[in-house]
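In the numbering used here, the protein residues as written are 3 to 344.
Even for Gly, the Cβ is constructed at its ideal location relative to N, Cα and C.
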Amino acid sequence: MSGYQGPMRVLSGIQPSGGMHLGNYLGAIRKFAELQHQYDCNFCVVDMHAITVWQDPEKLREQTFHIAASYIASGVDPEKATVFHQSGVRAHAELAWVFNCVARLGWLDRMTQFKDKAGKNSERASVGLYTYPVLQAADILVYKATHVPVGEDQKQHLELSRDIAGKFNHDYNAADFFPLPEPLIKGQFGDAGARIMSLRDGAAKMSKSDPSENACIFLADDADKIAKKIKKAKSDPEALPSEAAGLEGRPEAANLVGIYAALSGKSAAEVLSEFGGQGFGAFKPALAELVVEKIAPIGAELRRLEADPAFLQSVLEKGAERAAAIADPVVREVKEIVGFLV
Ligand code: TYM
3 MSGYQGPMRV
13 LSGIQPSGGM
23 HLGNYLGAIR
33 KFAELQHQYD
43 CNFCVVDMHA
53 ITVWQDPEKL
63 REQTFHIAAS
73 YIASGVDPEK
83 ATVFHQSGVR
93 AHAELAWVFN
103 CVARLGWLDR
113 MTQFKDKAGK
123 NSERASVGLY
133 TYPVLQAADI
143 LVYKATHVPV
153 GEDQKQHLEL
163 SRDIAGKFNH
173 DYNAADFFPL
183 PEPLIKGQFG
193 DAGARIMSLR
203 DGAAKMSKSD
213 PSENACIFLA
223 DDADKIAKKI
233 KKAKSDPEAL
243 PSEAAGLEGR
253 PEAANLVGIY
263 AALSGKSAAE
273 VLSEFGGQGF
283 GAFKPALAEL
293 VVEKIAPIGA
303 ELRRLEADPA
313 FLQSVLEKGA
323 ERAAAIADPV
333 VREVKEIVGF
343 LV
């Protein structure tokens, strides 16, 4: 049991490795906007994580602004929450090195995201991709963050962060120096949205790196594009069931109903009591209308913000200063604890 007594603090991050999509929005950013009213919140654009796989330098800068703009367009207020870029706060890298020496190879060997991303040719993956979750633990713990809003796919990385925090506290006899951070997977609408699947394959996660443009709804998509993608989304020939149990073995149907539920704030059971017995010919237009209603205004605001990179740069720079004011003293304490000269 952790006896950590420090303040509750939220940290999360998103990689600037592609366009922000509906999975990122429902699994993560929507919760950011909810949490900023309750907690001290810190939202990071994790550019150092992004370069664990190749990124074109010019595009990386653009995408860093895109993620910052997406946070703000989705309701994060940079005056309330700290919005910053990871590479702007050097404490992340400093703590990550110490954590590289705390984490065990066996722990990293179990990480499924590395296996998925590295594929068969893992010998050719970067060392950074392998130690990615160690840097993630540093992102969180350098702020002594207690709560981390993420989608379901980040559960294993959060467990590793807890293991690293626990081992550091134990090895250095520094009881409760670091909190054991909790993932926040559910939002105000329960766990709807915690795992959004590709529109082309109900067994694959919706992902920035999907080669098919039609697999993802991006926050930047306009109403027309959103409606087209939903029309083309893979489904099946059956009518929708009247109860959630009837979605078993129908991953594409379950995903589309899940998206409707997450955006409407209803449960899957409520959605099915409305649409049960109807085919996708009727359900898809209703879904398209809902997605357009909720996402298109965010897209419009996103485009407005992206047209002003000087504003976004100033948000990130001010945010990085505020973040460093929390993180630098923590790194200093860590240096003392491990026996570095300070
Ligand atoms: P990234 O950029 O891959 O994903 C960002 C956030 O979006 C969530 N997410 C999804 N949620 C539901 N359905 C999906 N299909 C979907 N795809 C992505 C992710 O769970 C995540 O919350 N490793 C992190 C980045 C990170 C981080 C951190 C997060 C770096 N340091 C510290 C929290 C705290 C990631 O996967 O980013």
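Item: Would you mind listing the beta strand (DSSP E) stretches within the stretch 243 to 271 that are 3+ residues and don't spill past its ends, in chain order?; Value: none
Item: Between the Cα of residue 117 and the Cα atoms of 106, 134 and 300, which residue gives the shortest distance?; Value: 134
Item: Identify the continuous alpha helix (DSSP H) that holds residue 164 and give its terminal residues.; Value: 157 to 173
Item: What is the DSSP secondary structure of residue 182, counted as helix, strand or coil?; Value: coil
Item: Mind checking which residues open and close the beta strand (DSSP E) that includes residue 15?; Value: 11 to 16
Item: Rank 38, 194 and 119 by C-alpha distance to the C-alpha of residue 211 and give the top, closest one.; Value: 119
Item: Hey, residue 44 and residue 174 are a contact pair by Cβ (cut 8 Å); roughly how many whole angstroms apart?; Value: With a Cβ gap of about 25 Å, residue 44 and residue 174 do not count as contacting.
Item: Going by C-alpha to C-alpha distance, which of 318, 79, 51 and 143 sits closest to residue 131?; Value: 51
Item: Evaluate contact between the stretch 79 to 86 and the stretch 320 to 336, counting only Cβ atoms and requiring at least three cross-stretch pairs below 8 Å.; Value: yes
Item: Just mark residue 123 as buried or exposed, buried being the case when its beta carbon has 16 or more other beta carbons within 10 Å.; Value: exposed
Item: Alpha carbons only, please: which of 4, 11 and 232 is nearest the one belonging to residue 294?; Value: 232
Item: Relative to the ligand TYM, is the shortest distance from any of its heavy atoms to the C-beta of residue 51 smaller than 7 Å?; Value: yes
Item: Take residue 128 as the anchor and find which of 216, 54 and 267 has the nearest alpha-carbon.; Value: 54
Item: Once you ignore the five residues that flank residue 91 on each side, which residues in its own chain have a CB closer than 7 Å to its CB?; Value: 322, 325, 326 and 329
Item: What's the call for residue 432, buried or exposed, on a 16-neighbour Cβ count within 10 Å?; Value: Since the first and last residues shown for the chain are 3 and 344, residue 432 lies out of range.
Item: Given this structure, state the Cα-to-Cα distance separating residue 217 from residue 237, to the nearest angstrom.; Value: 13 Å
Item: Keeping to the same chain, check which residues put their C-beta closer than 7 Å to that of residue 98; ignore five residues upstream and five downstream.; Value: 136, 137 and 140
Item: So that I know if they touch, is there some Cβ in chain C lying closer than 8 Å to that of residue 230?; Value: Although the question refers to chain C, the structure presented lacks it and comprises just one protein chain.
Item: Going by C-alpha distance, which of 222, 155 and 104 is nearest residue 72?; Value: 222
Item: Say whether the stretch 253 to 268 touches the stretch 57 to 73, bearing in mind that this needs 3 or more beta-carbon pairs closer than 8 Å, one atom from each stretch.; Value: no
Item: Between which two residues does the beta strand (DSSP E) holding residue 39 run?; Value: Residue 39 -> no beta strand (DSSP E), and no H or E assigned at all.
Item: Rank 40, 14 and 80 by C-alpha distance to the C-alpha of residue 49 and give the top, closest one.; Value: 14
Item: Terminal residues of the continuous beta strand (DSSP E) containing residue 114?; Value: That residue, residue 114, is in no beta strand (DSSP E); its alpha helix (DSSP H) goes 114 to 120.
Item: Please name the residue, chosen from 59, 336 and 240, that lies closest to residue 103 on a Cα-to-Cα basis.; Value: 336
Item: Is residue 230 close to the ligand TYM? I mean its beta-carbon at under 7 Å from any heavy atom of the ligand.; Value: no
Item: Does the stretch 276 to 292 come close enough to the stretch 4 to 13 to have 3 or more Cβ pairs within less than 8 Å?; Value: no
Item: Short of 7 Å in beta carbon distance, which residues of its chain neighbour residue 262, apart from the five on each side in sequence? Order them along the chain.; Value: 273, 289 and 292
Item: Is residue 72 near the ligand TYM, judged by its Cβ being under 7 Å from some heavy atom?; Value: no
Item: So for residue 85, helix, strand or coil by DSSP?; Value: strand
Item: Using DSSP with H/G/I as helix, E/B as strand and the rest coil, what is residue 50?; Value: helix
Item: Per DSSP, which residues does residue 192 bridge with? Please list them.; Value: 189
Item: Hey, residue 156 and residue 36 are a contact pair by Cβ (cut 8 Å); roughly how many whole angstroms apart?; Value: No, residue 156 and residue 36 are not in contact; Cβ-Cβ is about 17 Å, not under 8 Å.
Item: Under a three-way DSSP split, which group does residue 33 fall into?; Value: helix
Item: Confirm, please, whether the CB-CB distance from residue 198 to residue 24 is below 8 Å.; Value: yes
Item: Suppose only complete runs of 3+ residues qualify. What are the beta strand (DSSP E) ranges in the stretch 293 to 342, listed by chain order?; Value: none
Item: Flag this pair as yes or no: are the beta carbons of residue 150 and residue 142 separated by less than 8 Å?; Value: yes
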